Amino acid sequence: MSAFVNQLPIGLSIGAVLLLIALGLTFTFGQMGVINMAHGEFIMAGAYTAFLLQNFVLALPAAFLVAGVMGLILERAAIRHFYGRPLDTLLLTWGVSLVLQQLARDLFGAPNVQVPAPSWLSGGVGILPYNRLFIMALAIAGVVAVWLYLNRTGLGRRTQAVVQNRRLAATSGIDTGRVDMLTFFIGSGLAGVAGVALTLIGPVGPTLGTYYIVDAFLVVVAGGLGQLRGAVLAAIGLGLLNSYAEFWSDASLAKVIVFAVLIAFLQIRPQGLFALRSRVLT
Amino acid sequence: MIRMLRRNLPFATVAVIALVAAPLLLEPFRLGLLAKYLCYAIVALGIGLVWGKGGMLTLGQGVFFGLGGYSMAMYLKLTEAGGGLPDFMVWSGVEHLPALWVPFANPVFALVMAVLGPMLIAVILGTLVFRQRVRGAYFAILTQALAAAMVILLVGQQGLTGGTNGMTNFFELFGQDLAEDSTQRLLYLAVAVVLGALYLATRQLVNSRYGRLLVAVRDGEDRVRFLGYDPALVKTVTFALSAGMAGLAGALFVPVVGIISPALLGVVPSLELVVAVAVGGRHVLAGAVLGAVVMGYAKTAFSEQFADGWLYLQGALFILVMTLAPKGVIGVMGRLRRARTT
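Note that the protein sequences, when read in sequence, are chains A and B. If you count by my numbering, then the first sequence holds residues 5 to 286, one letter each, in order. If you count by my numbering, then the second sequence holds residues 110 to 451, one letter each, in order.
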């Protein structure tokens, strides 16, 4: 029983990290139909920002900016020519991710580096270490901010309009190009924040992002495309499933179990937990 | 008759070069490398079928390649151990041969499993996924997750699979010494013949009614369904065929290269092959084969010169191909030819 309880904060904080990453993906993949394989490298960029600054609090906004600007450049330079060709974008952005990984290796060296955690995050209450609590709080704050942005600001509503019907939105006078830019900026920035959070629970290396990106995409698949509440539930679910599968079987079987559960889940809800209803045919 | 000859002239030329000229002209080391690229070309041919013709982007072909490779490696390890335990099991403290390994002492079983095992997994996954109309990016992500899970599983089950190191140190195949140049030449010829035969068969398949149905599913799945066909079945069959090809390629790869390990079949190698197909030209089967050979050669040539540069070059190559020449090398060649005639 105690082991079961001990595993809970680990599962929840994995879920929180996945949620932070998947929040960004909900923007770029969910809302714009772009599979950005370089999203993992924006996480890595955020983590290295924290390493360079050596100041955790300052790193959060700085990483958001750094990763956001990288996303913005990627969107303007390449991705915008590929709208409507999601599979090509996937390969293109994978090329970008390869280059960014090698760049990180050349700039910071191949070995992992450590970011010292702030002293006020050491310790904890009972079985809940502060650093994992902080990650959960950060994820909650991220969800609230994204929800407010999408539903309470003019820009957010315009973003939703473009998602639901790009051409109609354009006809109504919305500058879809600018909305795309902003969406990509925010989505990538969130990846940067996730990267800073990851420095609390592990070392930072050039391939940091690749560990999380596959799972984060699974969150989007399980949660439903572009659905905030779906992403929240799926991230927590996958986080818990990951940690308990690792605990009850062994680490090598856990991913296979998670995969099998996901496939079984798709038999019941092929479009994920929540799906945008659409009558569009292929 | 003449038309048929002209149609097959490019294939015949390539076949003569591959079967006669290459073994005569290339030194054994280079011939071995070429055999390796041709193994990858078999996987690429499958990707050309499933992605180029069928529109299903699979990022997990490495899984099937690995299953084929491990089947073959298990057989090779068992013949070598001669009734005892394979070396890596002794190192990991395994005392009895695991039950999973026992049937692989039989070469026929190992070869059949190398092809049927991947096909079975593809049929199960394809049926579950395609029937629920999970497609496009979703399918790509799922196959990628499968590749990631497979690597972790292989690494974790050290006593069964050799862990991170995989399996290596193979000395003989069907009684032939693998270190001999003549064995390696025979292996090369076998790989080349298999690739050629699979290419012809796949081309025939694509030109058949089934092939037209497959392309129709790619371009308008719902419309095909309304016409009374079952797209899920067509897609599953195609996915299974490509998985079988990847498995066979893996089985050939192991004696040619002499190693199989998780690093050869994870997310990155799976994606690299897809990219090779994109570089060669995904819309044409020959483009897939060409892409695999060209990218394989480029990787060797570049890694020999500057190891770190390869990742930059590969990344840049992708970005260029996807933006400037989405139809790949074959597409560019076609455009050049048209420009000359008009």
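Glycine included, each C-beta is placed from N, C-alpha and C at the ideal position. If you're wondering where the values come from, they're calculated on a predicted model, not measured in any experiment.
Against chain A, does residue i count as a neighbour if the rule is that its beta carbon must be under 8 Å from one of theirs?
| i | result |
| --- | --- |
| Met183 of chain B | no |
| Ile250 of chain B | yes |
| Met431 of chain B | yes |
| Phe427 of chain B | yes |
| Gly265 of chain B | yes |
| Ala121 of chain B | no |
| Ala214 of chain B | no |
| Val384 of chain B | yes |
| Gly440 of chain B | no |
| Ile156 of chain B | no |
Should residue i be flagged as near chain B, meaning a C-beta pair shorter than 8 Å?
| i | result |
| --- | --- |
| Thr286 of chain A | With a pLDDT of 46 at Thr286 of chain A, under the threshold of 50, the modelled position of that residue is not reliable, and the figure given next carries that caveat. Judged by the 8 Å Cβ criterion, Thr286 of chain A is in contact with chain B. |
| Asp92 of chain A | yes |
| Ala20 of chain A | no |
| Trp287 of chain A | Past the edges of chain A, shown from 5 to 286, lies residue 287 of chain A, and the structure says nothing about it. |
| Ile178 of chain A | no |
| Ala255 of chain A | yes |
| Ala7 of chain A | no |
| His43 of chain A | no |
| Leu95 of chain A | yes |
| Ile39 of chain A | yes |
DSSP puts residue i in a beta bridge; with which residues?
| i | result |
| --- | --- |
| Val117 of chain A | A:Val208 |
| Asp339 of chain B | BP columns for Asp339 of chain B are empty, so no partner. |
| Gly128 of chain A | A:Pro133 |
| Glu281 of chain B | B:Asp286 |
| Met276 of chain B | B:Ile369 |
For residue i, does the count of other Cβ atoms within 10 angstroms reach 16, so buried, or fall short, so exposed?
| i | result |
| --- | --- |
| Ser101 of chain A | buried |
| Thr286 of chain A | In this predicted model, Thr286 of chain A has a pLDDT of only 46, less than 50, meaning its place in the structure is not dependable; the value taken from the coordinates is given anyway. Thr286 of chain A comes out exposed. |
| Val383 of chain B | buried |
| Val343 of chain B | buried |
| Thr157 of chain A | exposed |
| Pro364 of chain B | buried |
| Ala67 of chain A | buried |
| Ile144 of chain A | exposed |
| Glu45 of chain A | buried |
| Thr175 of chain A | exposed |
| Asp290 of chain B | exposed |
| Val199 of chain B | exposed |
| Pro212 of chain B | exposed |
| Ala256 of chain B | buried |
| Gln275 of chain A | buried |
Nearest by alpha-carbon distance to residue i: which of the options is it?
| i | options | result |
| --- | --- | --- |
| Leu147 of chain B | B:Ala127, B:Phe138, B:Glu136 | B:Ala127 |
| Leu62 of chain A | A:Leu16, A:Val225, A:Ser247, A:Ala121 | A:Ala121 |
| Leu212 of chain A | A:Tyr134, A:Gly196, A:Thr30 | A:Gly196 |
| Met183 of chain B | B:Met222, B:Gly163, B:Gly157 | B:Met222 |
| Pro119 of chain B | B:Asn316, B:Phe415, B:Gly396, B:Leu420 | B:Gly396 |
| Ala268 of chain A | B:Gly235, B:Pro227, B:Val326 | B:Gly235 |
| Gly15 of chain A | A:Leu245, A:Ala71, A:Phe33 | A:Leu245 |
| Ile178 of chain A | A:Leu194, A:Ile190, A:Leu159, A:Gly191 | A:Leu159 |
| Arg182 of chain A | A:Thr163, A:Gln271, A:Gly191, A:Leu29 | A:Thr163 |
| Phe173 of chain B | B:Leu314, B:Leu206, B:Phe335, B:Gly226 | B:Gly226 |
| Val239 of chain A | A:Val262, A:Gln168, A:Gly50, A:Gly113 | The residue asked about is misnamed: residue 239 of chain A is Ala in this sequence, not Val. Taking only the C-alpha atoms, the option nearest Ala239 of chain A is A:Val262. |
| Thr30 of chain A | A:Ser253, A:Arg273, A:Ala226 | A:Ala226 |
Q.
Taking 8 Å as the cut-off, does the stretch 135 to 143 of chain A touch the stretch 201 to 208 of chain A (at least 3 CB pairs, one atom from each stretch)?
A. As far as the Cβ criterion goes, the stretch 201 to 208 of chain A touches the stretch 135 to 143 of chain A, which means the pair count is three or higher.
Q: Taking 8 Å as the threshold, find out whether the stretch 89 to 97 of chain A comes into contact with the stretch 24 to 42 of chain A through three or more Cβ pairs.
A: yes
Q) Are the stretch 228 to 240 of chain A and the stretch 56 to 72 of chain A touching, with three or more C-beta to C-beta distances below 8 Å? A) no
Q: Would you be able to state if there are at least three C-beta pairs under 8 Å between the stretch 137 to 154 of chain B and the stretch 244 to 253 of chain B?
A: The stretch 244 to 253 of chain B vs the stretch 137 to 154 of chain B: no contact.
(Q) Under 8 Å, with one C-beta from each stretch per pair, do the stretch 387 to 407 of chain B and the stretch 125 to 139 of chain B reach the 3-pair mark? (A) no
Q) Pairing CB atoms from the stretch 163 to 181 of chain B with CB atoms from the stretch 352 to 362 of chain B, are three or more of them under 8 Å? A) Touching, yes, given that three or more Cβ pairs across the two stretches are closer than 8 Å.
Q: Could you tell me whether the stretch 208 to 224 of chain A touches the stretch 103 to 121 of chain A, using the rule of 3 or more Cβ pairs below 8 Å?
A: yes
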